[in-house]
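Each position in the sequence shown, counted from 1, maps to that position plus 92 in this note's numbering.
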Amino acid sequence: MGAITVKDTDPDFTGTVSFVDAKGDPTSPDAGMVPNWSVDNTDAVTVTAAGDGMSATFTPGNPGAAVVTVTLQDADGTTVTSTGTITVEPGEAVLGDVEFSPGAAAAPAPTDTTAAGDQTAATPPPADTGTGTADQEATAPADTTGGDATTTPVQGVTDATQAAPAPDQTDQPNTGADATAVGP
């Protein structure tokens with residue numbers, strides 16, 4: 093018994109039948125006898141037999157399976173039956189289909205936007221207790237000038253400690269006076 097699997101988008105294909113005698117030697121039908129081809133599922137495949145009945149052309153249809161039966165009635169009344177199976181599978185994807193369902197959508201998972209290993213970026217700042225000291229102590233810059241760490245903001249100056257010293261002060265010892273800004 094022969095078997096083949098094809099796609100529903102494949103072109104027509106052929107099948108042949110052969111016969112053997114009781115000893116297994118190849119033989120042909122008696123003169124004038126023509127094999128008859130049929131399929132049990134014409135939705136999956138259709139068959140068109142050649143004039144001599146020794147071959148047939150098949151056209152794939154919808155996905156499914158079909159049993160092909162070839163029957164030969166000899167002149168002496170002997171019936172010889174041969175069978176095969178054709179399986180038709182869906183072809184390659186050429187279109188997609190999007191389906192929608194009513195109801196609440198699931199919330200998306202939170203996205204971690206912190207750098208790898210950075211545990212402080214995701215930690216919220218400490219709560220303000222109303223005294224003002226917790227926030228100021230946690231965010232106050234370190235004094236790197238060696239002078240007075242207290243600065244008074246000057247209008248129009250954003251960081252007095254980054255201002256360059258006057259040219260006549262470059263050789264003078266740091267007294268801390270150049271790091272303190274006094275404003276109104």
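Cβ coordinates follow ideal geometry from the N, Cα and C atoms, glycine included.
Query	Result
For Ser130: DSSP bridge partner residues	Thr161
C-alpha distance - Thr203 paired with Gly183, whole-angstrom precision	39 Å
Residues near Ala167 in its chain [Cβ-Cβ closer than 7 Å; skip 5 each side]	Asp122, Met125
Same chain, Cβ closer than 8 Å to Gly153, neighbours up to 5 away in sequence not counted	Asp100, Thr134, Asp135, Ala136, Val137, Thr138, Val180
Residues that DSSP places opposite Ala114 in a beta bridge	None, per the DSSP bridge assignment.
DSSP bridge partner residues for Pro152 (one or two, in chain order)	Val137
Residues bridged to Gly107 (per DSSP)	Ala148
Spatial distance of Asp102 from Ala201 (CA atoms)	44 Å
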